[in-house]
Structures are given as structure tokens and as C-alpha cells.
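Chemist:
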Amino acid sequence: MRYIVLSEEEVKQVCWIYDQSQSWTTRRRCLFLLLSARGFSITQIAGRTGVCWHTVYRFINKWQSASGYRLGLLNISPGRGRKQKLQEFPMASIIEKLLDVHGYSPNVLCAILEKEYGVTVCKKTLRSFIIYCNL
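Numbering follows the numbering used here, in which position 21 of the sequence shown is assigned residue number 25; successive positions increment by one, without gaps.
Given below as C-alpha cells:
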């Protein structure tokens with residue numbers, strides 16, 4: 005069985021990160037460490053957190069083989085995930101001008117964005133962006 009041994013200071017830091025983080029993945033990784041430090045096996049941790057045992061195994065291996073600042077492994081790497089089609093600053097002003105000219109007609113706005121700017125979005129994405137930017 006593989007277990008993580010954490011010092012009291014590391015336990016405090018991991019608990020603080022667990023409480024403060026907004027990222028579900030970061031909180032889940034913290035939970036892996038805390039449960040492993042309490043003596044839970046990899047399969048028990050996987051069962052409690054709802055992930056595959058291989059995910060827990062890989063993270064524990066990465067934690068044990070890391071040197072230096074290991075708490076950085078808890079964070080998600082920047083650039084992960086789906087990239088947004090509509091960025092806040094450049095597209096917000098363009099869509100605001102289109103709303104002034106054409107009114108709130110999602111079909112027309114989607115067609116103009118695709119034709120003139122090469123951005124293909126659906127009506128739902130456009131509505132969400134308009135609400136997000138308070139346009």
C-alpha cells in the first residue's frame with residue numbers, strides 16, 4: 005500500500021488550499037493527499053472521491069517524485085480546457101455596436117459575426133456572452 009506522509013505544516017497548507025480554492029480539481033487533489041495521509045488506500049480514496057483509482061495513483065506518484073515546492077502540483081496548469089470563442093475585450097465592443105445597429109436579434113448577430121469576423125457561435129453562446137458582459 006502506498007501512503008503519503010505529510011508534516012503538520014503541509015497538512016495545514018493543504019487544508020487551507022482545499023478551503024480556499026474554487027477549482028474542483030484542486031480540491032479533489034487536496035482530498036487525495038489528506039485521505040492518503042490518514043491511511044486510506046488508493047482504491048478507498050478513489051471510491052470516496054468518485055474517480056478512477058489510476059487517477060489517484062498517478063497523482064500520488066507525481067507527489068512523491070516531486071522535489072522542491074510540491075504544493076504547486078495541486079493547481080491546474082494554465083491553458084487547460086476549452087478556449088472561449090468570444091474574448092471579453094475585443095468582442096464586447098464589437099457586439100455592443102452590433103446590438104445598437106441591429107437590435108437584439110440573435111440570428112442576425114450570429115450571421116454577421118460569422119460573415120465579417122469569422123467567429124462561429126450559436127445563439128445560446130451569444131446570449132450568455134451578452135448577459136456576462138452586461139450589454
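Even glycine gets a Cβ: it sits at the ideal position worked out from N, Cα and C.
#1: Express the C-alpha separation of residue 82 and residue 124 in angstroms, rounding to a whole number.
#2: Where do the ends of the alpha helix (DSSP H) carrying residue 16 lie?
#3: Which residue wins for smallest C-alpha separation from residue 19, given the options 37, 74 and 135?
#4: Using 8 Å as the cut-off, can you tell me whether the stretch 68-78 makes contact with the stretch 28-35, which would need three or more C-beta pairs spanning the two stretches below that distance?
#5: For a test of your reading of the model: does the CB of residue 127 fall under 7 Å from any non-hydrogen atom of the ligand PLP? Yes or no.
#6: Taking the alpha carbon of residue 14 as the reference point, which residue from 89, 67 and 95 has its own alpha carbon closest?
#7: Residue 139 and residue 70 look like a contact to me (Cβ under 8 Å); what is the Cβ gap, rounded to whole Å?
#8: Are there 16 or more other CB atoms within 10 angstroms of the CB of residue 34, so buried, or fewer, so exposed?
#9: Report the three-state DSSP secondary structure of residue 79 (helix, strand or coil).
#10: Could you tell me how far apart the beta carbons of residue 60 and residue 46 are, in whole angstroms, since I believe they sit closer than 8 Å?
#11: Where does residue 54 fall in DSSP's three states?
#12: Buried or exposed, going by whether 16 or more other CB atoms sit within 10 Å of the CB of residue 40?
#13: Return helix, strand or coil for residue 8, following the three-state DSSP convention.
#14: Nearest by alpha-carbon distance to residue 91: which of 104, 133 and 17 is it?
Modeler: Let me lay it out:
#1: 25 Å
#2: 12-24
#3: 37
#4: yes
#5: The model on display carries no ligand, and the ligand PLP is accordingly not part of it.
#6: 67
#7: With 8 Å as the limit, residue 139 and residue 70 do not qualify as a contact, their Cβ atoms being about 45 Å apart.
#8: buried
#9: coil
#10: 5 Å
#11: coil
#12: buried
#13: coil
#14: 133
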